[in-house]
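Structure, as C-alpha cells:
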Amino acid sequence: MRDSNVLTSISLALFASLLMACEADPELAGEDRPTADLVIHGAPVWSADREGDADAVAVRGDRILAVGEHQDLAAHIGPDTRVIEVNGGRIVPGFIDNHTHFNRAGELLLGINLLAVSDDTAFRQELTEAHRRMPADSWITGGLWGAYEAWEHGDGQGDGEPPADAYNPDGETLEAVVDDRPVLLWNWDESLWLASRAALEHASFDCETEGVECRNGEPSGRLSPAAGETLRDKVPEKPFEQRLAEAEVALERLREQGVTTIHDITTPEQLKVFQHLHREDRLTTRVYARPTLDRWEALAEVGITHGFGDPMLQIGGLKGFVDGIMGNSTARFHEPYEHIDSRGQWRDMMYPEGNMLELLKAADAAGQWPQVHAIGDEAIDHLLDLYEKMIEANGPADRRLRVIHTQVLRDADVAERMAEMNLIAEMQPFHAIDDMRWMEERIADRSRWAYAFRTLDEAGVMLSFGSDWPGTNASWYPANPMQGIYAAVVRKTLDGEPEGGWYPEERIDLETALKAYTANNAYAEGNENLKGRLEPGMLADIVVLEEDPFAVDEMALKDIDIRLTVVNGEIVFER
Numbered sequence: 012m013r014d015s016n017v018l019t020s021i022s023l024a025l026f027a028s029l030l031m032a033c034e035a036d037p038e039l040a041g042e043d044r045p046t047a048d049l050v051i052h053g054a055p056v057w058s059a060d061r062e063g064d065a066d067a068v069a070v071r072g073d074r075i076l077a078v079g080e081h082q083d084l085a086a087h088i089g090p091d092t093r094v095i096e097v098n099g100g101r102i103v104p105g106f107i108d109n110h111t112h113f114n115r116a117g118e119l120l121l122g123i124n125l126l127a128v129s130d131d132t133a134f135r136q137e138l139t140e141a142h143r144r145m146p147a148d149s150w151i152t153g154g155l156w157g158a159y160e161a162w163e164h165g166d167g168q169g170d171g172e173p174p175a176d177a178y179n180p181d182g183e184t185l186e187a188v189v190d191d192r193p194v195l196l197w198n199w200d201e202s203l204w205l206a207s208r209a210a211l212e213h214a215s216f217d218c219e220t221e222g223v224e225c226r227n228g229e230p231s232g233r234l235s236p237a238a239g240e241t242l243r244d245k246v247p248e249k250p251f252e253q254r255l256a257e258a259e260v261a262l263e264r265l266r267e268q269g270v271t272t273i274h275d276i277t278t279p280e281q282l283k284v285f286q287h288l289h290r291e292d293r294l295t296t297r298v299y300a301r302p303t304l305d306r307w308e309a310l311a312e313v314g315i316t317h318g319f320g321d322p323m324l325q326i327g328g329l330k331g332f333v334d335g336i337m338g339n340s341t342a343r344f345h346e347p348y349e350h351i352d353s354r355g356q357w358r359d360m361m362y363p364e365g366n367m368l369e370l371l372k373a374a375d376a377a378g379q380w381p382q383v384h385a386i387g388d389e390a391i392d393h394l395l396d397l398y399e400k401m402i403e404a405n406g407p408a409d410r411r412l413r414v415i416h417t418q419v420l421r422d423a424d425v426a427e428r429m430a431e432m433n434l435i436a437e438m439q440p441f442h443a444i445d446d447m448r449w450m451e452e453r454i455a456d457r458s459r460w461a462y463a464f465r466t467l468d469e470a471g472v473m474l475s476f477g478s479d480w481p482g483t484n485a486s487w488y489p490a491n492p493m494q495g496i497y498a499a500v501v502r503k504t505l506d507g508e509p510e511g512g513w514y515p516e517e518r519i520d521l522e523t524a525l526k527a528y529t530a531n532n533a534y535a536e537g538n539e540n541l542k543g544r545l546e547p548g549m550l551a552d553i554v555v556l557e558e559d560p561f562a563v564d565e566m567a568l569k570d571i572d573i574r575l576t577v578v579n580g581e582i583v584f585e586r
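For this note's numbering, add 11 to where a residue sits in the sequence shown, where the first one is 1.
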C-alpha cells in the first residue's frame, strides 16, 4: 500500500491506525494522499454533527481535507505543512453571526462610543482616544452618551425625556480635546446635542441661529434637537478612505472573536466597501449581505437573486420590518405597555395597508428570500399570517424564511405554528440579559415568553443566533459569540444576576447554542453544504477556543477567549 521507505519511517502501531483510518475514510486510501497546508491538533473537535473522537483538522487550500485523530492524519503532513499544536481548548467551526450592522460597528470602534459615559472624566477619555484614532480631516459624530445612565435612573421609557440631572457636557469640555476638528455629538435619545466651534462655523451657526445656546455672547456648544438635526444634515459625506478604516477595525474585532461569517444589514455604501476589500483580498470575514426588502425590484431588474456572489461576499436575504423595537417601546403588542398608553408601532413598510404582503409576494416570486423583523407578540403573529399568505400565493419553493429577533411570543402555541411553517427563529441571545434590566417594567408577565429559546427549540423551530452588533441607541451588543452562548445557556447578566437565571425554564444546553451559531446559520443562509461544520470538503473556517466550553463551569463560558481563527484556510488571528 505504501513504499518500503515510508513503511520504515513509521511504527507498526501507527501503520495499523492508518490502515484502520483508510478503511473508515476512502479519501485516505491509495498511494496519493494529498498533503495538507495546515494541521491543527491537540484539542477535542466539535464538528457540529460528526460522531466519534477527533483531535485534529487538516486543511488543504480553502477546504477541510480531513478530521480525525492526529495520528491518523499524519499521512497528510508534508515538509511544507504548518502544524499547530494547541494543547487544549476546543476546535469548533467558525462562528456565524446572524445579525450585524457592520457599518455602525466600524463607526463606533474607530470613532466614538459614549453609551456608557455619564461624566466629564469618561467623556474626555473617550473623546481623546477617538481624536487620536480618526483621520485628521474627518468629523467625529454620534457618540450616544448617557444610555446606561438613563436606564439606571428608571428613564429610557421612549418618551424622549432624559433624567433631570442627566449628564450634559458643554463646549469647554469638548474644545479642551479636539482643537480645530469638527465634532457633532448627541446623547442616546437625541434630546441633547453638542457641537465644536469648527462644526458650528462649517454650518455658519452663531448666537443669532435659533437653537444655539450662548453664554457671554459666545456659543456654548449646546444645541436644541432641531438645531442639532439641521447641523447633522450639513455634515460632509464620509470619505471612502474613512469607511475603509472603519471596516478594518471592525474586521479586526471579528477576527479576534472567531466570527468567520456575518449576516449583515448592508447599506449600498457599505457594499462598495466590502467589494473593495474583497478585490484586494483584505476581507477576512465572509459577508452574507442583506439589503432591505424594498430593494427587491432593483435587484430583480439586473438578475440578482438570493445567493448572488461568491462564498466570501454574496447577496443574501432581504430584510423587512413589521414593527419597532423594545428599546423605545415601539415593538407592537396585542395589549398596551405597562408604562405608556401604547401598543407600539407598525413600521413604514406596512403602509399603505397591505404593502408588506405585496412586497413579500413580489420578492419571493423573484427568487429573493424575505427575512422580516418582528419583535412584539402581535407583530410576530401578524408576520406569520403574512408568510402564510405569501406561501399560498406563490406555492412551494426552497425558501429559508426567518422571523428576525422573535423576541416576545404570545404563548407556546406560536412556537408550534412556527415549526409547522418551517420558519427560522433569528435571535440574538445577548438581548435577553441586557433587556432584563427593564423588560418586566414594560410588559410585566408577558416577559415569560421573551427570548423563549427552549420553547422554540422543543417545538422544532430552528434556532439561529447572532449579536445585533453594535446594538441600538440604548445598548451596546458585543459581537463576541461566547457571550451570546453564555446568555442562551445561563440567562444571567455578565455579573451573574439573577441567581438561577432570568426565566430559567428557557435556558438551552451548550450544544444547541453552538449549533445555533454555526451549522444552523449556514443552513439559514442556504450554505449548509459549504460551511458551519468541520467535515472534509467544507470551507476551512475554523476556530480554536482557549478553553473547552464542555469542561468549564457555565459561568465561565462568557470568558473563553479565541486562540486561533482560520478563514478560507488562512490564519487571520492567532493569540
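A virtual CB, placed ideally from N, CA and C, is assigned to each residue, including glycine. Remember, predicted model here, so these are calculated numbers, not experimental data.
Check: Taking one C-beta from the region 227-244 and one from the region 96-104 each time, how about it: are there three or more such pairs within less than 8 Å?; Outcome: no
Check: Please tell me whether His112 and Gly477 are closer than 8 Å, where the distance is taken between their beta carbons.; Outcome: no
Check: When the Cα atoms are used, what is the spatial distance from Asp36 to Arg93?; Outcome: Its pLDDT being 49, under 50, Asp36 is placed unreliably in this model, and the value from its coordinates should be taken loosely. Roughly 23 Å between the two C-alpha positions.
Check: Note down the Cα distance separating Leu541 from Asn179, rounded to an integer number of angstroms.; Outcome: 51 Å
Check: Using DSSP bridges, identify the partner residues of Thr272.; Outcome: Ile107, Arg297
Check: In or out: Met566 buried (at least 16 other Cβ within 10 Å) or exposed?; Outcome: exposed
Check: May I ask you to report which of helix, strand or coil DSSP gives Thr523?; Outcome: helix
Check: Can you give me the start and stop residues for the beta strand (DSSP E) that Ile197 sits inside?; Outcome: Checking the sequence shown, residue 197 turns out to be Trp, not Ile. Per DSSP, Trp197 belongs to the beta strand (DSSP E) from 194-198.
Check: Please go through the region 470-534 and give each complete beta strand (DSSP E) segment of 3 or more residues, from N-terminal end onward.; Outcome: 473-476
Check: What are the boundary residues of the beta strand (DSSP E) that Lys569 is part of?; Outcome: Note, Lys569: premise wrong, no beta strand (DSSP E); not H, not E.
Check: From the DSSP output, read off the bridge partner residues of Val577.; Outcome: Ile553, Ile582
Check: Note down the Cα distance separating Ala77 from Pro440, rounded to an integer number of angstroms.; Outcome: 33 Å
Check: Tell me whether Asn366 is buried or exposed, calling it buried when 16 or more other Cβ atoms sit within 10 Å of its Cβ.; Outcome: exposed
Check: Alpha carbon to alpha carbon, what distance is there between Ala390 and Met432?; Outcome: 17 Å
Check: Name the DSSP bridge partner or partners of Pro46?; Outcome: First, the residue type needs correcting, since residue 46 is Thr and not Pro in the sequence shown. Thr46 pairs with nothing; no bridge assigned.
Check: Which residues bound the beta strand (DSSP E) around His416?; Outcome: 413-416
Check: The ligand GDP heavy atoms versus the CB of Ala461: any closer than 7 Å?; Outcome: The ligand GDP is not among the ligands present in this structure, which contains no ligands whatsoever.
Check: Which residue from Gly53, Gly89, Lys372 puts its Cα closest to that of Ile95?; Outcome: Gly53
Check: Let me know the secondary structure DSSP gives Pro279 once reduced to three states.; Outcome: helix
Check: Touch check for the region 441-448 and the region 504-518: three-plus C-beta pairs under 8 Å?; Outcome: yes
Check: In terms of residue numbering, what span does the alpha helix (DSSP H) encompassing Met438 cover?; Outcome: No alpha helix (DSSP H) contains Met438, which is instead part of the beta strand (DSSP E) from 435-438.
Check: Give the list of continuous alpha helix (DSSP H) stretches no shorter than 4 residues that lie fully inside the region 200-269.; Outcome: 208-213, 236-244, 251-267
Check: Nearest to Lys372 by alpha carbon, out of Gly387, Glu349, Ala408?; Outcome: Ala408
Check: Can you find a C-beta in chain B that's less than 8 Å from the C-beta of Asp409?; Outcome: The displayed structure is made up of one protein chain only, and chain B is not part of it.
Check: Pull the bridge partners of Trp357 from the DSSP assignment, please.; Outcome: Asp334
Check: Identify the continuous beta strand (DSSP E) that holds Leu643 and give its terminal residues.; Outcome: Nothing about residue 643 can be read from this structure; the chain reaches only from 12 to 586.
Check: Please report the Cβ distance between Leu474 and Met438, rounded to the nearest whole angstrom; I am assuming they are in contact, meaning their Cβ atoms lie under 8 Å.; Outcome: 6 Å
Check: Is His345 helix, strand or coil when you go by DSSP?; Outcome: coil
Check: Among Thr271, Asp305, Glu252, Gly79, which one has its Cα closest to the Cα of Gln281?; Outcome: Glu252
Check: Could you check what DSSP says for Asp321 in three-state terms: helix, strand or coil?; Outcome: strand
Check: Any contact between the region 113-129 and the region 315-322? By contact I mean 3 or more CB pairs, one from each, below 8 Å.; Outcome: no
Check: Three-state secondary structure (DSSP) at Arg71?; Outcome: strand
Check: Which residue marks the beginning of the beta strand (DSSP E) containing Val385, and which one marks its end?; Outcome: Position check: residue 385 holds Ala in this sequence, whereas Val was assumed. Residues 381-385.
Check: Can you tell me where the beta strand (DSSP E) holding Trp156 begins and where it ends?; Outcome: 151-156
Check: For the beta strand (DSSP E) that Val97 lies in, which residues bound it at each end?; Outcome: Taken as a continuous stretch (DSSP letters only), Val97 belongs to no beta strand (DSSP E), as it is neither H nor E.
Check: Cutting at 7 Å between CB atoms, please list the residues of its own chain near Pro322, excluding the five before and the five after it.; Outcome: Arg297, Leu541, Leu550
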